[in-house]
Amino acid sequence: MATPQFERARSQKAKQVREEAILRSARTQALDRGVREVTLTDVAAGVGMHKSTMLRYFETREEIFLRLAKSEWADWAGQVTAELDAIDCAGAARDERVAIVLASSLVERPLFCDLLAHVPLNLERGVSMAVAKDFKIAAIDAAGTVAAALRRIVGVSSEQAWDAVAAATSMAGAMWQMAAPGTQLRELYETDPELAHAVVDVGPRLTAILRALFRGYANG
16 MATPQFERAR SQKAKQVREE AILRSARTQA LDRGVREVTL TDVAAGVGMH KSTMLRYFET
76 REEIFLRLAK SEWADWAGQV TAELDAIDCA GAARDERVAI VLASSLVERP LFCDLLAHVP
136 LNLERGVSMA VAKDFKIAAI DAAGTVAAAL RRIVGVSSEQ AWDAVAAATS MAGAMWQMAA
196 PGTQLRELYE TDPELAHAVV DVGPRLTAIL RALFRGYANG
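Going by the working numbering, the first residue of the sequence shown is number 16, and it counts up by one from there.
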């Protein structure tokens, strides 16, 4: 079947349709191959556009993935806040549950974890300052939503809550890259006994670190 060819959008609604198609193409390919492997040409081919045509809708490849990161931050904040608000235990059991919820909610979002590492390394650096600011405001707002939930549920200070969100997301991003899921590196780590310690299981490791963090907060 021939790839559909998009005509230039003539209205704001048509422009939005094009942008959503581009974002879907980028998301699908990033989930399949990882963010770093997806080029602007790949994204354009996924929607039947020439690369030069697609640049009418997004400044750069980085802007496309930064838009996805913005969406992922908002979706994650909504999900994890609802899960945190549902916790009905106290003390050490509560802190354990909070650590599990934070870690699992991140690991369940492979694209978000992948993007978390790429955002500060290259995505924010490959867009205009206006686009970078728009993303940062949205990310800070989402992080603040999660931090507010942690303050309500765990009783930590504002600074501790923000630090916990920063620790969870930054470590999820870093460990996701080290885990290298679905890559030849991961296969090498898992099949070579000499590299067994290089295998990173993100969920349990992140849960353990967050558990220790909240225990430290509780013990003052």
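For every residue, glycine included, the Cβ atom is placed at its ideal position computed from N, Cα and C.
Note that the structure is a prediction, hence the values are computed from the model and not measured.
*asked:* If I measure Cβ to Cβ from residue 95 and keep anything under 7 Å in the same chain, skipping five residues before and after, which residues do I get?
replied: Excluding sequence neighbours, residue 95 sits near 116, 117, 120, 161.
*Does DSSP put residue 34 in a helix, a strand or coil?*
helix
*For the alpha helix (DSSP H) that residue 205 lies in, which residues bound it at each end?*
199-206
*Delimiting residues of the alpha helix (DSSP H) encompassing residue 232*: Here the alpha helix (DSSP H) through residue 232 covers 217-233.
*For the 8 Å Cβ check, are there 3 or more pairs between the segment 184-202 and the segment 37-46?*
no
*What's the C-alpha gap between residue 111 and residue 36?*
40 Å
*Looking at the unbroken alpha helix (DSSP H) that takes in residue 184, where does it start and where does it end?*
173-194
*Kindly indicate the opening and closing residues of the alpha helix (DSSP H) around residue 125.*
125-133
*Confirm, please, whether the CB-CB distance from residue 48 to residue 72 is below 8 Å.*
no
*asked:* Across the segment 165-175 and the segment 211-226, are there enough close Cβ pairs to call them in contact, namely three or more that are closer than 8 Å?
replied: no
_Cα-Cα separation, residue 233 to residue 132_ = 29 Å
_Of the listed residues 175, 199, 125, 136, nearest to residue 217 (C-alpha basis)_ = 125
_Under the three-state DSSP convention, the category residue 144 falls into_ = helix
*Taking only the alpha-carbon atoms, compute the straight-line gap between residue 18 and residue 123 and give it to the nearest angstrom.*
Note that residue 18 scores 45 on pLDDT, short of 50, meaning its location in the model is unreliable; the coordinates nonetheless yield the value given after this. Roughly 32 Å between the two C-alpha positions.
*Chain-order list of residues whose beta-carbon lies under 6 Å from that of residue 59 (same chain, five-residue window excluded)*: 66, 69
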